[in-house]
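Have a look at the structure below before the remarks.
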Amino acid sequence: MITRLRHVLEGAAIPVAAVLLGLVVSSAFVVIAGKQPLPTYAFMFCEGFGARGCENFGHLLFVPVEEEDGSVHTHFAPTLGTRGHKLAIVLERATPLILTALSATVAFRAGMFSIGQDGQLVLGAVAAVFLGYWLPDQIYLLTGTGPDSAPPLQLALMRLTIPPVAMAAAMLVGAFYSWIAGILKVRLNVNELISTIILNAIAVQFVTFMVNFPLRADFNNIARTRTIDDTAWLTPFTRALLNEVDWFRGSRLGIGLLLVLVAAAIIWFFLHRTTAGYEQRMTEGSRLFARYGGIPSARATLRAMLISGALSGLAGALMILGVERRIVDGFALGGTGFDGVLVAILARESVVGILLVASFFAGLEQGAINLQFENLPRQLGGMIIAFMILFASMEDFFRDNITRLRVRLFPESVAPSQSASEA
Amino acid sequence: MTPDLAIDMREVRKYFPSSDVLAADDVDFQVRQGEIHALVGENGAGKTTLMNILYGLVRADHGDVRVNGETVHIHHPNDAIRAGIGMVHQHFKLIPSFTIAENVMLGIEPGQLGFINASEEAQAVADLGENFGLPVDPNAVVADISVGMQQRVEILKTLQRDARILVLDEPTAVLTPQEVRELYNVIRQLAADGRTIILITHKLVEVKAVADRVSVMRNGRMIATHDVADVSIRDMANLMVGREVVLRVDKEKASPRDPVLEVNNLLVASAGGIPAVFGVSLELRAGEILGIAGVSGNGQTELVEALCGLRAVEGGSVVLGGEDVTLSTVRARRQRGMAHIPEDRMHMGLNLRTSLDENLIVTVYQRSPWSERGIFRFRAIRDFALRIVRSFNVRSARLGEEIHTLSGGNLQKLVLGRELDGHPGLIVANQPTRGLDIGSIEFVHKTLVEARDAGAAILLVSVELDEIFSLSDRVAIMFEGRIMAVHDIEDLDEESIGLLMAGHQEPGP
Ligand SMILES: Nc1ncnc2c1ncn2[C@@H]1O[C@H](COP(=O)(O)OP(=O)(O)OP(=O)(O)O)[C@@H](O)[C@H]1O
Ligand SMILES: [Mg+2]
């Protein structure tokens with residue numbers, strides 16, 4: 003029991019240590035950029051996670067003066083309403099990140115080091131955006147109505163069906179794209195790292211082409227597609243039941259987050275509670291063992307790649323249907339897929355860990371972007387994150403030292419219980 | 214201080230928090246210079262741990278280590294090598310994709326100008342092998358050579374580093390009697406040169422034959438150290454186990470029934486594409502044990518892998534329970550009642566990266582009651598795992614926990630427990646007792662004989678003649694991929710079998 007608890011604590015200690023060390027090492031670069039590390043980090047964190055940025059960070063109560071009439075209100079900071087809470091934006095950004103991290107985890111846990119999430123995501127996004135305006139167009143055409151003239155019942159039905167159809171299509175596209183890397187591995191033993199890198203490059207080119215030519219909507223300077231129809235939106239909270247809740251103001255956080263949480267639960271269940279998840283994890287652990295035990299490894303690998311691709315495709319769909327509404331040139335280079343890989347590594351492939359790390363990661367990015375206001379390069383944020391990942395990958399080193407430290411500090415804690423060796 | 218002690222370990226203590234095992238409980242261990250000192254004890258007694266501490270692979274919680282009278286602090290194998298200590302590990306640490314010569318020379322200063330001269334290196338390794346009576350082909354790739362040969366490479370590695378104190382962790386577990394005799398000649402010669410040898414082994418006969426003194430460990434404690442001349446094998450066994458041990462299995466004469474396995478003219482290629490099994494034909498009946506005797510590396514591994522569906526067959530057929538399974542998957546064969554105890558338990562038989570339970574269910578997980586419609590039933594799995602751990606007495610095994618810290622013997626028991634569960638009709642056992650202590654060997658042999666009496670057909674591959682003789686009902690002798698002869702066990706003696714294993718044809722009828 004105690005051992006269990008200790009495992010959990012030690013498991014958590016490693017990412018925390020990695021984060022701290024990442025900050026310490028990055029200080030050198032902050033200094034080079036001409037700033038003090040501590041205030042800079044404080045700024046970065048409060049901008050990332052404060053209710054309203056650094057205005058009120060660290061205060062439990064927040065007493066802003068209303069600009070118009072000079073009246074004073076007292077707010078409980080963590081639930082601060084007016085003008086929205088930063089955390090809502092952080093969660094909005096974490097939504098696709100969690101999915102791509104889950105996608106990476108499913109692939110990793112089949113022994114496939116697939117980093118094809120970006121390619122699958124952007125292709126999924128294209129599918130979603132296309133269906134997001136094309137399908138409604140067709141329906142309006144068939145019924146002879148338009149967005150403004152359609153009867154409410156028809157609109158309600160469309161709202162219920164179009165987003166799921168678009169998401170399903172994006173998942174199919176992502177799954178298929180990921181499957182290519184899987185089949186190449188299983189049949190021809192092509193290294194998945196290489197094939198997914200190439201597939202990513204192809205997808206980026208393809209999407210850039212689609213946005214610039216076939217799907218281009220207008221002659222805007224920066225190429226972009228049409229926006230999706232209103233009925234294809236994944237309703238953000240600010241539009242639905244919760245539109246009165248100020249907490250969500252300014253963010254496009256919505257149903258997508260709930261879907262993602264459900265997806266995370268399903269993936270956890272899949273990996274740890276089903277025979278299919280077992281098959282792929284054993285394949286990861288030792289291919290020889292899996293073969294010896296009669297586990298159909300090739301099938302497990304392909305299945306993992308399909309699921310992984312579907313998750314990334316869904317991430318693309320959620321970004322479009324929930325947040326972006328259209329694809330603007332440059333979307334394909336967003337890097338949400340690769341960030342997901344980093345999150346998966348930092349979270350050490352644990353599903354609960356991913357939820358935490360993805361939010362942390364999103365907040366950090368948020369704070370890092372705001373570093374610009376302090377006249378620091380925004381790249382600094384990326385660098386800090388990179389250092390944290392570097393340290394997180396030195397897992398064994400930390401574990402040994404933690405154990406050593408414990409033995410030194412509390413020699414009694416290692417007093418043996420003789421019964422165990424006698425069992 | 215007594216200057217003539219090569220190794221003097223005092224009050225060495227090591228507790229493993231992760232498995233909650235006290236593997237060394239204030240152990241004192243002294244080895245004299247120039248002696249051959251055997252270290253014996255049950256699986257999990259702490260022998261490997263003690264030697265890992267000496268070699269710098271494991272850090273003791275406290276304790277003193279002196280080498281040749283001087284206190285040393287060994288934190289890393291490099292410290293140990295500098296102190297003149299070499300170790301051959303129980304589980305080899307060779308790089309499979311390198312040649313023998315590259316493995317032996319790995320990490321050693323290369324020749325002039327810092328260049329590695331492959332042919333010189335190969336020559337040097339070949340010479341080294343000749344000098345110590347351990348000839349090797351320096352250009353062979355380790356992945357392609359037998360376990361016995363890998364052992365040899367490991368020994369050469371330490372000799373190349375000019376170790377004065379040699380620790381051999383179960384070096385003979387994989388060798389044939391002939392090879393064992395050669396190895397002991399080598400060891401005696403090394404000792405005569407003034408080297409000190411620490412020999413971990415489970416074979417008390419060998420202790421008797423080669424060692425000067427013997428130390429016995431049990432449950433992390435040093436129980437006794439004796440001159441070998443003063444103790445009998447039975448004494449040592451009893452000291453180790455703490456009870457009376459039966460050294461030989463009793464078994465009734467077999468009453469074979471229907472054929473279970475028929476192998477016709479099997480042709481199998483080895484990893485490099487070179488034929489390894491040439492036209493082997495065998496018949497195995499329910500209720501009998503067929504031993505395959507032979508020097509390791511004569512095609513046994515390939516034969517077993519082909520039978521178990523792990524290696525493609527080039528020609529011939531395998532019939533299991535009346536059905537041709539030559540092209541069947543592993544799962545199909547297992548569903549027809551095949552069980553397989555593999556030679557390589559660390560990589561094939563177990564997945565060291567997952568928990569005990571998940572290792573035990575690998576052959577049954579997709580079936581009820583362990584899972585229903587693709588979803589696991591953890592209660593059933595727990596009960597199952599608990600049953601195996603209990604009935605095979607796997608020490609310090611914990612359900613749901615990682616297994617990579619279990620001792621070699623305990624790992625083997627897990628494999629056995631899993632494979633023998635559920636009354637398989639055919640048991641292919643490849644070196645089933647390698648690395649086990651006598652208590653456990655007694656147990657495994659008894660279990661195999663029970664399985665036979667319950668109607669299982671058992672194919673026993675062993676390089677251990679003792680094991681072949683005490684278990685088999687019939688023996689097939691394999692040499693260079695061919696079956697030289699098949700005889701009832703009564704018609705064979707050590708000498709005739711030895712000749713056949715060395716490739717001598719029987720005189721024609
Ligand atoms: N790294 C480790 N972490 C936790 N427990 C360990 C570790 N290494 C060994 N143990 C435990 O310590 C005990 C002694 O193990 P050790 O490998 O020394 O046994 P052994 O005498 O060499 O047995 P065998 O004959 O089976 O090789 C075992 O119970 C084992 O599970
Ligand atoms: Mg050992």
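In order, the protein sequence lines correspond to chains A and B. Numbering-wise (my numbering), the first sequence opens with residue 3 and increments by one. Numbering-wise (my numbering), the second sequence opens with residue 214 and increments by one. C-beta atoms are modelled at their ideal positions from N, C-alpha and C, and glycine is treated no differently.
Assign Glu457(B) to buried or exposed, taking buried as 16 or more other Cβ atoms, counted over all protein chains shown, within 10 Å of its Cβ.
Counting from one through the second sequence, the residue named residue 457(B) turns up at place 244. Under this definition Glu457(B) is an exposed residue.
Are the beta-carbon atoms belonging to Phe589(B) and Arg275(A) less than 9 Å from one another?
Counting from one through the second sequence, the residue named residue 589(B) turns up at place 376. Counting from one through the first sequence, the residue named residue 275(A) turns up at place 273. Their beta carbons are under 9 Å apart, which means Phe589(B) touches Arg275(A) by this criterion.
What is the DSSP secondary structure of Asp238(B), reduced to helix, strand or coil?
In the second sequence, counting from the first residue as 1, residue 238(B) sits at position 25. Strand, per DSSP.
Listed from N- to C-terminal order along the chain, which residues in the stretch 572 to 604 of chain B have their beta-carbon within a distance smaller than 7 Å of any beta-carbon of chain A?
Within the stretch 572 to 604 of chain B, the qualifying residues are Val575, Thr576, Tyr578, Gln579, Ser584, Gly587, Ile588, Phe589.
Could you please tell me which residues of the stretch 252 to 282 of chain A, in chain order, have their CB closer than 7 Å to any CB of chain B?
So the close ones are Arg275, Thr276, Thr277, Ala278, Tyr280.
Using beta-carbon positions only, say whether Gly176(A) and Gly342(A) come within less than 9 Å of one another.
For this step, residue 176(A) is matched to residue 174 along the first sequence. For this step, residue 342(A) is matched to residue 340 along the first sequence. Their beta carbons are not under 9 Å apart, which means Gly176(A) does not touch Gly342(A) by this criterion.
Using a Cβ-Cβ distance cut-off of 9 Å, determine whether Met284(A) contacts chain C.
Checking the listed chains, one finds no chain C in this structure; the protein chains it contains are A and B.
Report yes or no: do three or more beta-carbon pairs, one from the stretch 637 to 644 of chain B and one from the stretch 439 to 446 of chain B, lie closer than 8 Å?
These segments do not touch.
Less than 9 Å separating the beta-carbons of Phe115(A) and Gly369(A)?
For the purposes of this step, residue 115(A) is taken as residue 113 along the first sequence, with counting starting at 1. For the purposes of this step, residue 369(A) is taken as residue 367 along the first sequence, with counting starting at 1. The answer is no: Cβ separation not under 9 Å.
Near Val490(B), which residues of its chain fall below 6 Å by C-beta distance, leaving aside the five closest residues on each side in sequence?
One-based indexing of the second sequence puts residue 490(B) at position 277. Closer than 6 Å at Cβ, skipping near neighbours: Leu479, Val481, Gly512, Glu515, Leu516, Gly694.
Is it buried or exposed for Gly148(A), if we count other Cβ within 10 angstroms and need 16 for buried?
Residue numbering aside, residue 148(A) sits at position 146 when the first sequence is read from its first letter. Classification for Gly148(A): exposed.
Does Ala499(B) come out as helix, strand or coil in the three-state DSSP assignment?
Numbered from 1 along the second sequence, position 286 holds the residue referred to as residue 499(B). Coil at Ala499(B), not helix or strand.
Under the rule that 16 or more other beta-carbon atoms within 10 Å means buried, what is Gly758(B), buried or exposed?
Any answer about residue 758(B) is impossible in this case: the structure gives chain B only from 214 up to 722.
Please list, in chain order, all residues of the same chain as Glu70(A) whose beta carbon is under 8 Å from its beta carbon, the five residues on each side excluded.
Taking the first sequence and counting its residues from 1, one reaches residue 70(A) at position 68. Cβ within range, chain order: n/a, list empty.
Could you check whether the Cβ of Asp382(B) sits closer than 8 Å to any heavy atom belonging to ligand 2?
Position 169 of the second sequence holds residue 382(B). Correct: Asp382(B) has its Cβ closer than 8 Å to ligand 2.
Against chain A, with Cβ distances strictly below 9 Å, would Val543(B) count as a contact?
The residue given as residue 543(B) occupies position 330 in the second sequence. Val543(B) counts as touching chain A.
I want to see whether chain A comes within less than 9 Å of Thr215(B), judged by CB atoms only; does it?
Along the second sequence, read from residue 1 onward, the residue named residue 215(B) stands at position 2. A caution first: Thr215(B) carries a pLDDT of 49, below 50, which makes its placement in the model unreliable, though a value can still be read off. By this cut-off, Thr215(B) is not an interface position.
Here's a check: name, in chain order, each residue in its chain whose Cβ is nearer than 8 Å to the Cβ of Arg289(A), leaving out the five neighbours to either side.
Position 287 of the first sequence, counting from 1, holds the residue named residue 289(A). Taken in chain order, the residues that qualify are Gly113, Ser299.
I'd like the list of long-range same chain contacts for Gly342(B), defined as Cβ closer than 7 Å, with 5 residues on each side in sequence excluded.
On the second sequence, residue 342(B) is found 129 positions in, with the first residue counted as 1. Result list for Gly342(B): Pro348, Val349, Leu369, in chain order.
Could you check if Leu11(A) is buried or exposed, using at least 16 other CB atoms within 10 Å of its CB as the buried criterion?
Here residue 11(A) is taken as the residue at index 9 of the first sequence, counted from 1. Exposed, because fewer than 16 other Cβ atoms sit within 10 Å of the Cβ of Leu11(A).
Quick one: is Ser352(A) near chain B, going by C-beta distance under 9 Å?
Your numbering for residue 352(A) matches position 350 in the first sequence. Judged by the 9 Å Cβ criterion, Ser352(A) is not in contact with chain B.
Is there contact between the stretch 224 to 235 of chain A and the stretch 120 to 138 of chain A, where contact requires at least three CB pairs shorter than 8 Å?
Counting Cβ pairs under 8 Å, three or more are found: they touch.
DSSP on His415(B), reduced to helix/strand/coil?
Translated into the one-based positions of the second sequence, residue 415(B) becomes position 202. In the structure shown, His415(B) sits in coil (DSSP, three-state: anything other than H, G, I, E or B).
Quick check on the contact list: which residues have their beta carbon closer than 5 Å to a heavy atom of ligand 1?
Answer in sequence order: Phe229(B), Ser231(B), Ser232(B), Val234(B), Ala236(B), Asn256(B), Gly257(B), Ala258(B), Gly259(B), Lys260(B), Thr261(B), Thr262(B), Ser609(B), Thr618(B), Leu619(B), Ser620(B), Gly621(B), Gly622(B).
Do Gly668(B) and Gly500(B) count as a contact pair if the criterion is CB distance below 9 Å?
Looking up residue 500(B) in the second sequence gives position 287. Looking up residue 668(B) in the second sequence gives position 455. Yes, Cβ-Cβ distance for Gly500(B) and Gly668(B) is below 9 Å.
Only counting runs of 3 or more residues, tell me where the beta strand (DSSP E) segments fall wholly within the stretch 523 to 602 of chain B, in order along the chain.
The qualifying runs are 526 to 533, 551 to 554.
Only counting the same chain, and skipping five residues up and downstream in sequence, which positions put a Cβ closer than 7 Å to that of Leu201(A)?
Counting from 1 along the first sequence, the entry for residue 201(A) is found at position 199. Once the five neighbours on either side are set aside, the close Cβ partners of Leu201(A) are Gly118, Gly121, Tyr179, Ile182, Ala183.
Candidates Ala450(B), Thr618(B), Leu573(B): which alpha carbon is nearest Arg603(B)'s?
Counting from 1 along the second sequence, the entry for residue 603(B) is found at position 390. For Arg603(B), the nearest C-alpha among the options comes from Leu573(B).
Nearest to Phe340(A) by alpha carbon, out of Val32(A), Leu101(A), Thr42(A)?
Within the first sequence, residue 340(A) is the residue found at index 338, counting from 1. Nearest option by C-alpha distance: Leu101(A).
Which residues in chain A sit within 8 Å of His560(B), going by Cβ to Cβ distance?
Within the second sequence, numbered from 1, the residue matching residue 560(B) stands at position 347. Per Cβ cutoff of 8 Å: Ser288, Leu290, Phe291.
For chain A, check one thing: does any of its Cβ atoms lie closer than 9 Å to the Cβ of Leu523(B)?
By 1-based counting over the second sequence, the position of residue 523(B) is 310. So yes, Leu523(B) belongs to the interface.
Does DSSP put Tyr179(A) in a helix, in a strand, or in coil?
In the first sequence, the residue the question calls residue 179(A) occupies position 177. Helix at Tyr179(A).
Give the straight-line distance between the Cα atoms of Gly384(A) and Ser28(A), rounded to the nearest whole angstrom.
As a first step, residue 384(A) must be located in the first sequence, where it is residue number 382. As a first step, residue 28(A) must be located in the first sequence, where it is residue number 26. C-alpha separation (whole angstroms): 10 Å.
Starting from Asp341(A) and walking both ways along the alpha helix (DSSP H), at which residues does that stretch end?
Looking up residue 341(A) in the first sequence gives position 339. Segment 338 to 348, the alpha helix (DSSP H) holding Asp341(A).
Thr312(B) by DSSP, collapsed to three states: which one?
Along the second sequence, one-based indexing puts residue 312(B) at 99. It is a strand residue.
Near Pro230(B), what residues of its chain come up, given a Cβ to Cβ distance below 7 Å and the 5 sequence neighbours on each side ignored?
Mapped onto the second sequence, residue 230(B) falls at position 17. Excluding residues within five positions, none has a Cβ falling inside 7 Å.
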